[in-house]
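See structure below.
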Amino acid sequence: MPVQETAGVLYGCKRLDITPLNVDGSPNPSADTFAIDVPQEASIEPQITEGNKAELRGGDNIIATIEDEDVLTGLNLTFTNAELRPDEVRAIAGNGEIIFDASGNAVGYKAPTMKQQQSEKVPFKAELYVSLYEQGSQSKSSKLGYIRFTFPYCKGSIPNLTASDQEFLTPEFTLKARENRVQNLSVMQWEQVPDLPT
120 MPVQETAGVL
130 YGCKRLDITP
140 LNVDGSPNPS
150 ADTFAIDVPQ
160 EASIEPQITE
170 GNKAELRGGD
180 NIIATIEDED
190 VLTGLNLTFT
200 NAELRPDEVR
210 AIAGNGEIIF
220 DASGNAVGYK
230 APTMKQQQSE
240 KVPFKAELYV
250 SLYEQGSQSK
260 SSKLGYIRFT
270 FPYCKGSIPN
280 LTASDQEFLT
290 PEFTLKAREN
300 RVQNLSVMQW
310 EQVPDLPT
């Protein structure tokens with residue numbers, strides 16, 4: 120029987136990588152990966168479809184009960200970032216336009232019109248990295264590496280934005296992760312890795 124890696128504790132949300140796919144979910148070799156390296160928080164919520172339940176009754180008695188298993192249909196990932204970057208917003212939203220200044224610098228984002236939204240959004244692969252430490256760790260030198268959560272087919276939308284007095288504005292994204300049927304990949308997998316990608 121294989122030996123399990125050293126048990127550890129997870130601490131902090133370190134990075135989220137976004138890699139655009141082709142519209143059908145296949146890899147896009149020419150796509151750039153966006154490394155979001157100032158994340159604040161990420162939460163993962165399973166989307167469960169409950170199974171049907173049927174009962175056979177006779178008088179006041181239940182004679183038989185048949186209940187289907189619940190089915191995991193996807194995951195919703197809520198992600199809060201410390202910065203608002205036009206290229207990252209467009210990559211997650213899957214549409215819209217980046218606004219450039221006269222020097223060619225990206226300075227803003229323009230949401231798509233209703234007509235533009237009739238075309239299909241560009242999906243992406245998301246990889247979330249969380250730091251892994253030894254049990255009983257007392258310093259960052261006790262880091263074992265990272266746990267990488269991979270979501271092979273995601274679609275997102277423009278972020279929720281809340282501005283208030285004496286508070287930082289932090290964009291909150293919702294990513295809907297589903298199975299990648301073209302690549303025959305499940306909705307999520309996670310594994311231990313030694314380092315962040317370069």
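Heads up, the sequence shown is in this note's numbering, so the first residue is 120 and it goes up one at a time.
By construction, the Cβ of each residue, glycine as well, lies at the ideal position given by its N, Cα and C atoms.
Query                                                                                                                                               : Result
Measuring CA to CA, which of Ser-276, Asp-206, Asp-179, Glu-291 is closest to Phe-219?                                                              : Asp-206
Excluding sequence positions up to five away, which residues of its chain have a Cβ less than 7 Å from the Cβ of Val-157?                           : Asn-200, Ala-201, Glu-202
Among the residues of its own chain, which have a CB less than 7 Å from the CB of Tyr-252, if the five just before and after it don't count?        : Gly-127, Val-128, Tyr-130, Ser-261, Lys-262, Leu-263
Can you tell me which of the three DSSP states Pro-205 falls into?                                                                                  : helix
Helix, strand or coil for Gln-237, going by three-state DSSP, please let me know.                                                                   : helix
What three-state label does DSSP hand Glu-298 in the structure shown?                                                                               : coil
Mind the definition here: the segment 164–178 touches the segment 237–252 only if three or more C-beta pairs lie below 8 Å; say whether that holds. : no
Do you know offhand how far Thr-192's Cα is from Tyr-248's?                                                                                         : 23 Å
Buried or exposed for Asp-136, going by 16 or more other Cβ atoms inside 10 Å?                                                                      : buried
Contact between the segment 297–305 and the segment 270–284: three or more CB pairs below 8 Å?                                                      : yes
When the Cβ atoms of the segment 301–309 are set against those of the segment 139–146, are three or more pairs found closer than 8 Å?               : yes
Looking at the strands, I want to know which residues DSSP matches up with Gly-264.                                                                 : Leu-251
Compute the Euclidean distance between the alpha carbons of Leu-150 and Met-233, then round it to the nearest angstrom.                             : Contrary to the premise, residue 150 reads as Ala rather than Leu in this sequence. Near 26 Å, if we compare the C-alpha coordinates of Met-233 and Ala-150.
Determine the direct distance from the alpha carbon of Glu-291 to that of Asn-279, and round the result to whole angstroms.                         : 5 Å
Let me know if Leu-288 comes out buried or exposed under the rule of 16 or more other beta-carbons within 10 Å of its beta-carbon.                  : exposed
By how many angstroms is the C-alpha of Ile-266 removed from the C-alpha of Val-226?                                                                : 33 Å
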